[in-house]
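Undergrad: A single structure is presented below for examination.
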Amino acid sequence: MMSKKIVLGVTGASGSILAWRFMEAARGNEVHLIISRNSDQVIDYEMGKSSSDFEKLSTFSYSDSDLAARVSSGSFMFDAMVVMPCSMNTLAKIAGGISDSLITRAAAVCLKERRRLILVPREMPLSEIALENMLKLTRAGAIIAPSMPSFYTLPKNVDDMVNFVVSRILDLSGIENDLIKRWKQEG
């Protein structure tokens, strides 16, 4: 299996466990981590962890305010960018072409270079504005993959639901994984 180079943006939406599990499952791949300023409080509240705990799981980490970091350039080659969880604020900025942080700049690079950009919003219900932004991004080439667990897998706990979502994002990123039992057609 060939190692992948992934840029992972973590924003202030609920669901920091998704990014944590993604990095755990992506070990052996090169993960370039960007944590937004607003995510620190969510990470602490939801997981009792800090940005530095997340940075230990990554290969490289960058400040979201460092617009000169190598992941902000089209000449830096990577396989995919995942923004997980993706706040509606970040999603709206990416849809509007606003590159005022490293996460939004790297996402803009994905779109202009036609690279894989996977946005994992965690919001409910969705406003018409959010839906329009998602449609705009889909038309621009991004993949919108909301963190919606399946129930046909008969999850027994929160970990099972987290693993389903993360497994799908790993699949979209081109990273093989065995976090879930795969569907097998009988007969």
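In my numbering, the protein residues as written are 18 to 204. Ideal Cβ positions, reconstructed from N, Cα and C, are used throughout, including at glycine. Since this is a predicted model, take the numbers as computed values, not measurements.
1. Determine the direct distance from the alpha carbon of Ala36 to that of Met101, and round the result to whole angstroms.
2. Judging by CA-CA distance, which residue of Ile197, Val24, Asn194, Ala147 is the nearest neighbour of Met75?
3. Nearest to Ala109 by alpha carbon, out of Gly45, Lys201, Val137, Pro172?
4. Excluding the five sequence neighbours on either side, which residues of its own chain have a C-beta within less than 8 Å of the C-beta of Leu187, listed in chain order?
5. Out of Asn46, Ala157, Arg185, Ile111, which one is the CA nearest neighbour of Thr28?
6. Tell me the start and end of each unbroken alpha helix (DSSP H) in the stretch 142-180 that is at least 4 residues and wholly inside, in chain order.
7. Can you list, in chain order, the residues of its chain with a C-beta nearer than 8 Å to that of Asn12? Leave out the 5 residues immediately preceding and following it.
8. Among Glu140, Asn150, Lys153, which one has its Cα closest to the Cα of Met165?
9. Quick one: Cα of Lys153 to Cα of Asn55, how far?
10. What does the alpha-carbon distance come out to for the pair Met105 and Ala30?
11. In chain order, what residues of the same chain have a beta carbon less than 6 Å from the beta carbon of Gly26, not counting five sequence neighbours either side?
12. Does the count of Cβ pairs from the stretch 74-94 and the stretch 121-128 closer than 8 Å reach three?
13. On the DSSP letters alone, give me the boundaries of the alpha helix (DSSP H) that Phe71 sits inside.
TA: Per the coordinate set shown:
1. Roughly 6 Å separates the two Cα atoms.
2. According to the sequence provided, residue 75 is Ser. The question's Met does not apply to it. Comparing Cα positions, the closest option is Val24.
3. For Ala109, the nearest C-alpha among the options comes from Val137.
4. These residues qualify, in order along the chain: Phe39, Ala42, Ala43, Glu193, Asn194, Leu196.
5. Checked all of Asn46, Ala157, Arg185, Ile111; the closest Cα to Thr28 is Ile111.
6. Correct list: 145-157.
7. Absent from the structure is residue 12, since the part of the chain shown begins at 18 and ends at 204.
8. Of the residues Glu140, Asn150, Lys153, the one whose Cα lies closest to the Cα of Met165 is Glu140.
9. Near 25 Å, if we compare the C-alpha coordinates of Asn55 and Lys153.
10. Approximately 8 Å, taken between the alpha carbons.
11. Residues Ile51, Val100, Ile120 of the same chain have their beta carbon placed closer than 6 Å to that of Gly26, with the five preceding and five following residues left out of the count.
12. Taking a cut-off of 8 Å for Cβ pairs, the stretch 74-94 and the stretch 121-128 touch, as three or more such pairs fall below it.
13. Looking at the DSSP string, the run of the alpha helix (DSSP H) that includes Phe71 is 68-74.
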